Amino acid sequence: MIGLHLRFAIYGLVFGFALARIGFGDFTEVHEMFVLEDFRLILTFGGGVAASTIGFVVLAKLSQIPRRRFNPGSVVGGGLFGVGWAVTGSCPSIVLVQLGQGHVSALATLAGVIIGVALYRPLHHRYLPWELDSCSM
Amino acid sequence: MPSWVFHDYWPWWLGATFFGAFVVGIWLLERRLLGVSGSYAAAIELTRQEDEAARRLDAADPQAIDDALLRATLEAFGPEAVAEFEKEMAAAPSDTAPVAAPRKLLPRSVHITFLVMLVVGGAISALARGTWQLRFDLGVVHEALTGGGVTSLLVLGFGGVLVGLGTRMAGGCTSGHGLSGCSRLVPTSLVSTATFFGTAIATSFLLEVLAR
Chain L
0 MIGLHLRFAI YGLVFGFALA RIGFGDFTEV HEMFVLEDFR LILTFGGGVA ASTIGFVVLA
60 KLSQIPRRRF NPGSVVGGGL FGVGWAVTGS CPSIVLVQLG QGHVSALATL AGVIIGVALY
120 RPLHHRYLPW ELDSCSM
Chain C
4 MPSWVFHDYW PWWLGATFFG AFVVGIWLLE RRLLGVSGSY AAAIELTRQE DEAARRLDAA
64 DPQAIDDALL RATLEAFGPE AVAEFEKEMA AAPSDTAPVA APRKLLPRSV HITFLVMLVV
124 GGAISALARG TWQLRFDLGV VHEALTGGGV TSLLVLGFGG VLVGLGTRMA GGCTSGHGLS
184 GCSRLVPTSL VSTATFFGTA IATSFLLEVL AR
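Protein chains in written order, with my numbering: chain L, 0 to 136; chain C, 4 to 215.
Shown next as structure tokens:
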């Protein structure tokens with residue numbers, strides 16, 4: 000059994016490599032997906048969801064996988080995230096992939112992401128009544 | 004040999020197969036669901052209060068907890084109450100199935116390792132393709148859409164805050180809600196994914212209009 004850190008290092012490496020090879024780290028490709036000029040990335044994502052569904056159904060007992068309750072923040076938060084993704088070309092993994100590709104300007108995005116994550120929890124507990132949800136592995 | 008082996012971006016079916024294998028593989032190997040924004044939260048947030056409490060309880064000796072509870076009960080209700088409780092427990096059939104223990108939280112350092120290695124993975128990919136380049140913009144399209152130069156950097160910083168706040172509020176991003184959630188038809192993930200793709204498409208068309 001290899002160590003926890005080594006295993007997650009490998010997962011990160013493989014995921015970062017593949018995201019870059021798919022082209023998710025390329026703002027132009029991402030923008031062409033969002034303005035519906037090029038369907039390759041959206042097919043990759045949609046196909047990835049379908050492939051995961053098949054994998055979960057065939058290889059895993061779906062009932063054993065914890066399901067999450069409805070979280071009102073998933074709508075408002077999702078809406079804010081979509082605007083951010085459109086103007087930066089970055090979701091939380093992609094900003095790191097962009098950095099790896101040598102895009103120094105992704106540091107501006109990363110600074111923003113870190114500030115956003117750091118600010119959110121105290122703001123949530125101060126102003127919002129529902130329980131804060133996380134997808135932490 | 005097809006051009007995507009070493010240079011071009013992968014065709015959609017290859018990327019899709021990878022995502023499926025990766026998400027399900029992580030589940031089978033680790034019994035965890037892929038979720039990158041969760042790793043940011045775990046890496047950045049100073050207080051993981053609930054988590055800390057859970058970990059302390061995890062680490063504590065169960066016998067010591069039992070002893071402490073017994074002492075407190077004796078003090079509050081006397082030995083008769085304890086004897087009565089023990090009699091009841093002995094009489095009652097224990098038919099409760101053991102509940103599957105929730106996965107222990109990953110240490111913060113594991114989340115940070117995972118995030119840092121995303122950078123390394125992106126670098127290896129770009130180096131192998133021969134496209135690695137130190138540059139200070141995201142390409143001509145991004146420059147044209149967001150004003151270029153310092154304005155573009157400000158847009159990136161502002162957009163980054165939206166990504167950070169938004170994914171933390173939603174409790175997931177493209178991986179946690181998009182891949183892990185949608186593939187299992189989890190309602191909150193389906194709604195979130197539809198919303199972020201919707202606002203991203205609307206914003207991108209708006210950028211096109213404004214830049215024209």
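Note that the Cβ used here is the ideal one computed from N, Cα and C, for glycine as well. Please read these numbers as outputs of a predicted model, since none were measured by experiment.
Whole-angstrom C-beta distance between residue j and residue i, which should lie under 8 Å
i, j, result
"residue 138 of chain C", "residue 103 of chain L", "7 Å"
"residue 165 of chain C", "residue 115 of chain L", "7 Å"
"residue 99 of chain L", "residue 8 of chain L", "Not confirmed; about 14 Å, so no contact."
"residue 45 of chain L", "residue 201 of chain C", "15 Å between Cβ atoms; not a contact."
"residue 116 of chain C", "residue 11 of chain L", "7 Å"
"residue 136 of chain L", "residue 42 of chain C", "6 Å"
"residue 113 of chain L", "residue 47 of chain C", "6 Å"
Chain C within 8 Å of residue i, Cβ atoms only
i, result
"residue 73 of chain L", "yes"
"residue 126 of chain L", "no"
"residue 1 of chain L", "no"
"residue 129 of chain L", "no"
"residue 135 of chain L", "yes"
"residue 132 of chain L", "yes"
"residue 51 of chain L", "yes"
"residue 62 of chain L", "no"
Identified DSSP bridge partners for residue i
i, result
"residue 102 of chain L", "C:138"
Proximity to residue i [Cα-Cα], best of the options
i, options, result
"residue 182 of chain C", "C:17, C:26, C:16 and C:18", "C:26"
"residue 125 of chain C", "L:17, L:66 and L:89", "L:17"
"residue 97 of chain L", "C:91, C:128, C:87 and C:77", "C:128"
"residue 212 of chain C", "C:195, C:191, C:148 and C:176", "C:148"
"residue 25 of chain L", "L:64, L:78 and L:90", "L:90"
"residue 30 of chain C", "L:29, L:38, L:37 and L:51", "L:51"
"residue 66 of chain L", "C:207, C:197 and C:186", "C:186"
"residue 143 of chain C", "C:214, C:79 and C:199", "C:214"
Neighbour flag for residue i against chain L, beta carbons, 8 Å
i, result
"residue 211 of chain C", "yes"
"residue 215 of chain C", "no"
"residue 44 of chain C", "yes"
"residue 101 of chain C", "For residue 101 of chain C, the pLDDT reaches just 44, beneath the cut-off of 50, and the residue's location in the model is therefore unreliable, although a value from the coordinates is still provided. No, residue 101 of chain C does not count as interfacial toward chain L."
"residue 128 of chain C", "yes"
"residue 172 of chain C", "yes"
Continuous alpha helix (DSSP H) stretch holding residue i: start and end
i, result
"residue 1 of chain L", "Counting along the chain, residue 1 of chain L falls outside any alpha helix (DSSP H), and DSSP gives it neither H nor E."
"residue 84 of chain L", "72-87"
"residue 159 of chain C", "152-173"
"residue 45 of chain C", "39-47"
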